[in-house]
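Colleague: Residue numbers (my numbering), protein chains in the order written: chain A, 1 to 262; chain B, 263 to 606.
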């Protein structure tokens with residue numbers, strides 16, 4: 001039985017009277033690509049924020065790699081290898097693509113004041129290595145020629161690729177992608193999908209995707225978790241879920257408007 | 263001749279100290295994106311604390327009151343002044359940096375500045391109230407006894423050396439991974455946090471380092487002039503520093519030099535020496551502020567990045583074979599990466 005890397009146990013979170021997440025539990029197995037789907041307002045993005053540590057749940061636990069991280073701030077979770085991307089591309093606009101990647105690596109000598117001032121030789125050497133590494137990553141994503149361009153000048157699709165390559169540079173163990181295919185052309189959707197599968201098989205990164213494009217989900221995700229009204233509704237492969245009446249009512253079959261209205 | 267020499271020395275010292283202020287602000291705003299709207303309060307903190315550490319105990323019969331009066335040697339007192347300024351930066355950071363950003367942070371700094379101004383001015387037991395401190399012990403007095411200009415020129419060298427050290431420090435910080443993280447925070451703080459870096463810590467560092475550097479400038483100011491009263495650090499002075507940074511170019515210390523030369527020396531200091539019009543005593547100062555204001559407007563209009571924009575980072579690298587070199591991005595009709603296609 002594969003080891004589960006992430007467990008969400010009985011999470012509840014309310015904003016005023018709105019129960020964004022209402023007793024939701026699921027788990028993610030290590031080394032898999034899992035999709036998190038559900039109608040608008042199901043609490044998917046809120047769940048991503050709870051897992052990554054932007055929001056703290058009112059109740060329940062988030063367990064990453066056997067460790068309860070519910071009370072840890074987001075940057076400490078990231079240090080453990082639990083990373084996320086955002087629904088809108090959030091590149092460092094006034095820095096070059098290469099710099100965008102260099103920033104995110106943890107544990108550089110020149111990041112402390114003492115190191116920055118008095119160990120210049122060491123961080124210069126480190127930076128040279130990181131530049132080589134970053135260039136390799138950028139080359140895989142087809143961004144190599146754009147490495148010295150300001151990230152803010154890139155097109156929407158290129159920014160998506162920068163986001164993904166930047167996340168790879170940070171060496172994640174689990175990567176939460178919040179709608180990575182939003183606003184992206186079909187050709188690039190396919191490329192992004194291929195990149196995700198490659199990263200999963202070659203580097204062993206576990207992925208959790210919040211995604212509305214079911215074609216993509218069917219193609220690259222081995223398991224799907226369905227959320228509706230802040231609860232975990234079902235999980236399994238997409239084929240299994242297509243025959244699940246509850247899921248069809250909530251999401252697949254277009255019964256969503258009734259639930260939103262109720 | 264000796265009058266001109268003295269004048270030139272004063273202009274040079276002004277240039278050096280303003281340059282230090284602008285570099286301090288540049289680390290806060292240009293690097294880490296912290297809107298500090300009370301730069302001049304840190305200058306005053308450095309100056310006042312230098313003064314009360316270096317001056318002898320207050321003589322109550324003279325009706326001049328100030329705290330401490332420890333009569334320390336000037337290098338130690340200088341350190342104390344700088345640390346005091348850094349401590350103020352730390353305090354403001356503790357209150358404001360954790361929860362606030364951009365405009366809201368700016369409001370807190372502005373409010374703190376006003377608070378300190380009122381407190382120091384109205385309470386004459388602290389730093390002698392509105393009349394301020396004077397006869398503050400100056401360094402190098404034992405060696406510079408022959409001529410007043412001798413002190414001035416020794417001080418030009420002294421402040422120039424300090425400026426060079428600050429400049430080298432700021433440039434190394436900029437290029438280092440620490441500076442890179444600060445700039446990333448300026449771009450998007452949440453993303454930096456989500457990549458495992460404690461952005462609060464980095465912002466606090468920038469805040470305190472910037473305050474310490476502005477404090478150095480403050481100590482140099484009072485060492486050179488020997489006196490300071492609240493009239494010398496009104497809120498308006500903060501915006502002279504800001505104008506210098508915006509005109510010169512933020513996040514580029516070359517811009518800091520040019521900005522402080524243009525704004526702080528040419529427009530701010532040199533115009534002080536234009537003869538007063540007797541019927542309108544405020545004409546010249548008002549004119550000066552108008553000129554500096556229009557300079558800022560013009561530079562934001564025509565060159566929003568400043569005269570020297572932030573330099574693009576470049577790295578020594580071994581070139582790779584571009585995997586997508588052929589036929590990218592225009593090879594497929596609906597190329598995934600052509601700007602037109604992905605903007606939709």
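Even for Gly, the Cβ is constructed at its ideal location relative to N, Cα and C.
Excluding five sequence neighbours on each side, which residues of the same chain lie with their C-beta closer than 6 Å to the C-beta of residue 35 of chain A?
Modeller: One-based indexing of the first chain puts residue 35 of chain A at position 35. Counting only Cβ-Cβ distances below 6 Å, and skipping sequence neighbours, we find 209, 211, 217, 221, 224.
Colleague: Residues of chain A with a CB under 8 Å from the CB of residue 574 of chain B: which are they?
Modeller: Reading the second chain from its first residue, position 312 is the one you call residue 574 of chain B. Under the 8 Å cutoff, chain A gives 96, 148, 150.
Colleague: Identify whether residue 542 of chain B lies in helix, strand or coil by the three-state DSSP scheme.
Modeller: Position 280 of the second chain, counted from the first residue, corresponds to residue 542 of chain B. Three-state result, residue 542 of chain B: strand.
Colleague: Does the segment 444 to 459 of chain B come close enough to the segment 522 to 542 of chain B to have 3 or more Cβ pairs within less than 8 Å?
Modeller: No, because fewer than three Cβ pairs between the segment 444 to 459 of chain B and the segment 522 to 542 of chain B fall closer than 8 Å, the two stretches do not touch.
Colleague: Pull out every residue of the segment 49 to 60 of chain A whose Cβ sits closer than 7 Å to any Cβ of chain B, in chain order.
Modeller: Cβ contacts with chain B come from 52.
Colleague: Within a Cβ cutoff of 6 Å, which residues of the same chain sit near residue 539 of chain B, ignoring the five residues on either side of it in sequence?
Modeller: The count along the second chain starts at 1 and reaches residue 539 of chain B at position 277. Only 545 meet the Cβ criterion.
Colleague: If we ignore side chains and look at the alpha-carbon of each, how far apart do residue 407 of chain B and residue 317 of chain B end up?
Modeller: Within the second chain, numbered from 1, the residue matching residue 407 of chain B stands at position 145. Within the second chain, numbered from 1, the residue matching residue 317 of chain B stands at position 55. The alpha-carbon atoms of residue 407 of chain B and residue 317 of chain B are separated by roughly 20 Å.
Colleague: Does the CB of residue 566 of chain B have a neighbour CB from chain A at under 8 Å?
Modeller: On the second chain, position 304 is the one that residue 566 of chain B refers to. Output row for residue 566 of chain B: interface = no.
Colleague: Are the beta-carbon atoms of residue 306 of chain B and residue 480 of chain B separated by less than 8 Å?
Modeller: Counted from its first residue, the second chain places residue 306 of chain B at position 44. Counted from its first residue, the second chain places residue 480 of chain B at position 218. Yes, these two residues count as a Cβ contact at 8 Å.
Colleague: Should the segment 409 to 418 of chain B be regarded as contacting the segment 97 to 112 of chain A, the criterion being three or more beta carbon pairs within less than 8 Å?
Modeller: The answer is no - the segment 97 to 112 of chain A does not touch the segment 409 to 418 of chain B, with fewer than three Cβ pairs under 8 Å.
Colleague: Taking the Cβ atom as the reference point for each residue, do residue 493 of chain B and residue 395 of chain B lie within a distance shorter than 8 Å?
Modeller: Residue mapping note: residue 493 of chain B aligns to position 231 of the second chain, counting from 1. Residue mapping note: residue 395 of chain B aligns to position 133 of the second chain, counting from 1. Contact: no.
Colleague: Pull up the distance between the alpha-carbon of residue 246 of chain A and that of residue 460 of chain B, whole angstroms please.
Modeller: Numbered from its first residue, the first chain carries residue 246 of chain A at position 246. Numbered from its first residue, the second chain carries residue 460 of chain B at position 198. Each residue's Cα considered, the two are about 42 Å apart.
Colleague: So who's on the other strand from residue 78 of chain A, going by DSSP bridges?
Modeller: Residue numbering aside, residue 78 of chain A sits at position 78 when the first chain is read from its first letter. The partner list for residue 78 of chain A (beta bridge, DSSP) is empty, contrary to what the question assumes.
Colleague: Please check the pair residue 297 of chain B and residue 364 of chain B, which I expect to be a contact at CB under 8 Å, by giving their CB distance rounded to whole angstroms.
Modeller: Locating residue 297 of chain B in the second chain gives position 35, counting from the first residue. Locating residue 364 of chain B in the second chain gives position 102, counting from the first residue. Indeed, because the Cβ distance is near 6 Å, the residues count as touching under 8 Å.
Colleague: Can you have a look at residue 325 of chain B and say buried or exposed, based on whether 16 or more other CB atoms are within 10 angstroms of its CB?
Modeller: For this step, residue 325 of chain B is matched to residue 63 along the second chain. With fewer than 16 Cβ atoms within 10 Å of its Cβ, residue 325 of chain B is classed as exposed.
Colleague: So, does the CB of residue 516 of chain B fall closer than 8 Å to a CB anywhere in chain A?
Modeller: Position 254 of the second chain, counted from the first residue, corresponds to residue 516 of chain B. False, the Cβ-Cβ gap to chain A never drops below 8 Å.
Colleague: Does the count of Cβ pairs from the segment 138 to 156 of chain A and the segment 573 to 588 of chain B closer than 8 Å reach three?
Modeller: Yes, the segment 138 to 156 of chain A is in contact with the segment 573 to 588 of chain B.
Colleague: Using a threshold of 8 Å, state whether the C-beta atoms of residue 515 of chain B and residue 433 of chain B are closer than that.
Modeller: Position 253 of the second chain, counted from the first residue, corresponds to residue 515 of chain B. Position 171 of the second chain, counted from the first residue, corresponds to residue 433 of chain B. Yes, the pair counts as a contact, with Cβ atoms nearer than the cut-off.
Colleague: Cα-Cα, which of B:456, B:368, B:354, B:412 is closest to residue 90 of chain A?
Modeller: By one-based count along the first chain, residue 90 of chain A stands at place 90. Ranking B:456, B:368, B:354, B:412 by Cα distance to residue 90 of chain A puts B:456 first.
Colleague: Check the Cβ of residue 288 of chain A against every Cβ in chain B and list those closer than 8 Å, keeping chain order.
Modeller: No answer is possible for residue 288 of chain A: it lies beyond the span of chain A, which begins at 1 and ends at 262.
Colleague: Can you give the Cα-Cα distance for residue 261 of chain A and residue 41 of chain A, rounded to whole angstroms?
Modeller: The sequence position of residue 261 of chain A within the first chain is 261, counting from 1. The sequence position of residue 41 of chain A within the first chain is 41, counting from 1. Summary for residue 261 of chain A: the model assigns pLDDT 39, below 50, so the residue's position carries little reliability, and this model does not support an answer.
Colleague: So which residues on chain A does residue 443 of chain B lean against when the C-beta distance must stay under 7 Å?
Modeller: Counting from one through the second chain, the residue named residue 443 of chain B turns up at place 181. Those within 7 Å of residue 443 of chain B in chain A are 103, 111.
Colleague: Rounding to the nearest angstrom, what Cα-Cα distance links residue 147 of chain A and residue 180 of chain A in this structure?
Modeller: Taking the first chain and counting its residues from 1, one reaches residue 147 of chain A at position 147. Taking the first chain and counting its residues from 1, one reaches residue 180 of chain A at position 180. If I take the Cα positions, the gap works out to 21 Å.
Colleague: Mind pulling the chain A residues with CB within less than 8 Å of residue 467 of chain B?
Modeller: If you number the second chain from 1, residue 467 of chain B lands on position 205. The answer, in chain order, is 113.
Colleague: Output yes if chain A places a C-beta closer than 8 Å to the C-beta of residue 370 of chain B; else output no.
Modeller: Taking the second chain and counting its residues from 1, one reaches residue 370 of chain B at position 108. Answer no: the Cβ-Cβ gap between residue 370 of chain B and chain A never drops below 8 Å.
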